[in-house]
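Okay, so here's the structure we're looking at.
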Amino acid sequence: MKHIFLVFIAAILFVSCSEDFLDRQPEDTLSPGAFYRNPAEMKTGLVGIYKVLQSIYNQNDLPLIPELMSDDGKDRFRTDVWQTFKKTNGNSQAGIWNNNFKMIANANTLIAIMAAYVPKNADEEKTINAYKAEASFLRALGYFNLVRIYGAVPLVSEPFTDLSKAFGIGRTPVADVYSKLIVPDLEFAAANCLKKSELKGEEARASKGAALTMLGKVYLTLNNHAKAAEALKKLIVDNEAGSYSLLPNYSDVFLATNKFHNESIFEVNFNIAAGQPSYFFRWVNNDVGLIWGVAGASNLLIEHNLMREFVNTGETVRYKTTIDSGYIASSTIPIQAWVIKHSPAPAQLKPYNNTGTDNNYVITRYADALLMYAEALMVLGKKDEAVTYVNMVRARAKVPAITAAKLDIDAILHERRMELAFEGHRYFDLVRTGKAVEVLTKAIMTPIDYDTNIAISGPIPEEQLLLPIPVGEIEKDQTLPQNPGY
Numbered sequence: 005m006k007h008i009f010l011v012f013i014a015a016i017l018f019v020s021c022s023e024d025f026l027d028r029q030p031e032d033t034l035s036p037g038a039f040y041r042n043p044a045e046m047k048t049g050l051v052g053i054y055k056v057l058q059s060i061y062n063q064n065d066l067p068l069i070p071e072l073m074s075d076d077g078k079d080r081f082r083t084d085v086w087q088t089f090k091k092t093n094g095n096s097q098a099g100i101w102n103n104n105f106k107m108i109a110n111a112n113t114l115i116a117i118m119a120a121y122v123p124k125n126a127d128e129e130k131t132i133n134a135y136k137a138e139a140s141f142l143r144a145l146g147y148f149n150l151v152r153i154y155g156a157v158p159l160v161s162e163p164f165t166d167l168s169k170a171f172g173i174g175r176t177p178v179a180d181v182y183s184k185l186i187v188p189d190l191e192f193a194a195a196n197c198l199k200k201s202e203l204k205g206e207e208a209r210a211s212k213g214a215a216l217t218m219l220g221k222v223y224l225t226l227n228n229h230a231k232a233a234e235a236l237k238k239l240i241v242d243n244e245a246g247s248y249s250l251l252p253n254y255s256d257v258f259l260a261t262n263k264f265h266n267e268s269i270f271e272v273n274f275n276i277a278a279g280q281p282s283y284f285f286r287w288v289n290n291d292v293g294l295i296w297g298v299a300g301a302s303n304l305l306i307e308h309n310l311m312r313e314f315v316n317t318g319e320t321v322r323y324k325t326t327i328d329s330g331y332i333a334s335s336t337i338p339i340q341a342w343v344i345k346h347s348p349a350p351a352q353l354k355p356y357n358n359t360g361t362d363n364n365y366v367i368t369r370y371a372d373a374l375l376m377y378a379e380a381l382m383v384l385g386k387k388d389e390a391v392t393y394v395n396m397v398r399a400r401a402k403v404p405a406i407t408a409a410k411l412d413i414d415a416i417l418h419e420r421r422m423e424l425a426f427e428g429h430r431y432f433d434l435v436r437t438g439k440a441v442e443v444l445t446k447a448i449m450t451p452i453d454y455d456t457n458i459a460i461s462g463p464i465p466e467e468q469l470l471l472p473i474p475v476g477e478i479e480k481d482q483t484l485p486q487n488p489g490y
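Start counting the sequence shown at 5; every next residue gets the next number (this note's numbering).
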């Protein structure tokens, strides 16, 4: 009896805070009345902001929902509202809203405290500016998550001494959230965050490289390719944030024993010993359990169209197959992929089932930055330069180089899908490039392998690309109108 399952190196996200930096367990809510008297105490407050990342990037909220809404992940029967884009106002994922706003509120409090603090000398001033830059980075990240998922949201950049004033703000236009907070915060972070090499033992903190990478991603989302290229050039060509490079072996990128390596830009740190384990290995199951009743399927399964794209393009590094003795006696055994980027080796899974793992969630890494830079250059008409960075990524994956003549947005999206699968980028890549309705509709309506259930009869509604505003928030604040279609 043989049980064949595909282990394809797909990805998963989790940002970080280094072993020393987040192994403590601080409170994740900062009191507006707290008095931070020196840089050391302000650093404690900063750790409290980082702590919220582990709530934002958990296997049931932010990583899961965009994967189910992409053409990479699916629900058990391909009929869930996330898969079919039939969400109602009850599908708002209030955890995404609440946790990102908690991180924003904490950042607002600490930034205001640091702004009022008078440094005693130049070294202290540099330290405080670095902490303020990191808090600004995290605030920008929170708002970037929110506007991409919900659209217009309340823009708040100051702490509330009177909590009653938190209501009645209304929803700020997306363009204003970007121009008034996200971009300025990331620009400040890029100018004042420390380089990764200056964060020895605390690499989980946001570095200058993390700020430049996120700034490039924001500008790509805004379709400002010139500014995206400018930010990413500082990282990749000018080395203003220090030296980053692709690891020679793709599989080494995701090892729990190899955190904060040369390719890592920003990841969420998890640590069993500190009481902060990761359980991302539990969020994926496979079709074998569903079709043959061997095991139940969990929150997320892998689309067969993704597996076919790996197979049809000759992938052998980023997509692998293994044969395992199993429980199925049949001449026809379902083939199904399993995400291992965020997970220990299969033989080690059982011991970790109760304890969790030390595997981090990767938010950004150098391969992501290279492909974003290539995309920006390509749109600017610099294909000969752009193809160099695409082929750096392809060479590591041992797939043939692509020529400049064949480089277009579809080629870029393909490469990003292959390289960054399940790292939280695919859905947002499709939306920002205007490809979401076309690509996702085709994926849902095209039977491939065991994915034969078709639960829609036409193009997905454009308004379904955003989640509804949580009904509980609207009930508390009538100045928050619901998104169209909900």
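We treat Cβ as the ideally placed atom computed from N, Cα and C, and that holds for glycine. Here the structure is a predicted model, which means the values were calculated and not measured.
The beta carbons of Phe274 and Val343 sit no closer together than 8 angstroms.
Close CB contacts of Gly489 within its chain, under the 7 angstroms cut and outside five residues either way in sequence, are with Pro465, Glu467 and Gln468 (chain order). C-alpha of Pro485 to C-alpha of Trp101: approximately 15 angstroms in a straight line. Where Arg369 is concerned, the enclosing beta strand (DSSP E) starts and stops at Tyr365 to Arg369.
Below 8 angstroms, too few C-beta pairs join the stretch 235-254 and the stretch 437-453 to call them touching: fewer than three. Taking the CA atoms as reference points, Leu304 sits about 52 angstroms from Lys124. Ranked by Cα distance from Leu198, the options Lys130, Gly438, Thr317 and Val321 are led by Lys130. In this structure, Asn266 places its C-beta atom within 8 angstroms of the C-beta atom of Ser249. Phe141 and Asn457 have their C-alpha atoms some 42 angstroms from each other. Contact between Leu185 and Leu159 holds, since their C-beta atoms are separated by about 6 angstroms, short of 8 angstroms. The Cβ atoms of Val272 and Tyr365 sit closer than 8 angstroms to each other. Annotation for Leu384: His229, Ala230 and Ala233 place their beta carbon closer than 8 angstroms to its own, counting only its chain and skipping 5 residues before and after.
Ranked by how close their Cα comes to the Cα of His308, the residues Asp455, Lys237 and Arg398 have Asp455 in first place. By the beta-carbon neighbour count (other beta carbons within 10 angstroms, threshold 16), Phe81 is exposed.
Beyond the five residues adjoining it in sequence on each side, Ala98 comes within less than 8 angstroms, by CB distance, of Pro474, Gly476 and Glu477 in the same chain, given in chain order. Here the alpha carbon of Ala235 sits roughly 13 angstroms from the alpha carbon of Pro188. The beta carbon of Thr359 is closer than 7 angstroms to those of Ile276 and Pro281 in its chain, skipping five residues each way along the sequence.
For Ile452, DSSP records a beta bridge to Asp455.
Excluding sequence positions up to five before and after Asn149, its CB lies within less than 6 angstroms of the CB of Asn104, all in the same chain and listed in chain order. Assignment of beta-bridge partners to Leu305 by DSSP yields Lys78.
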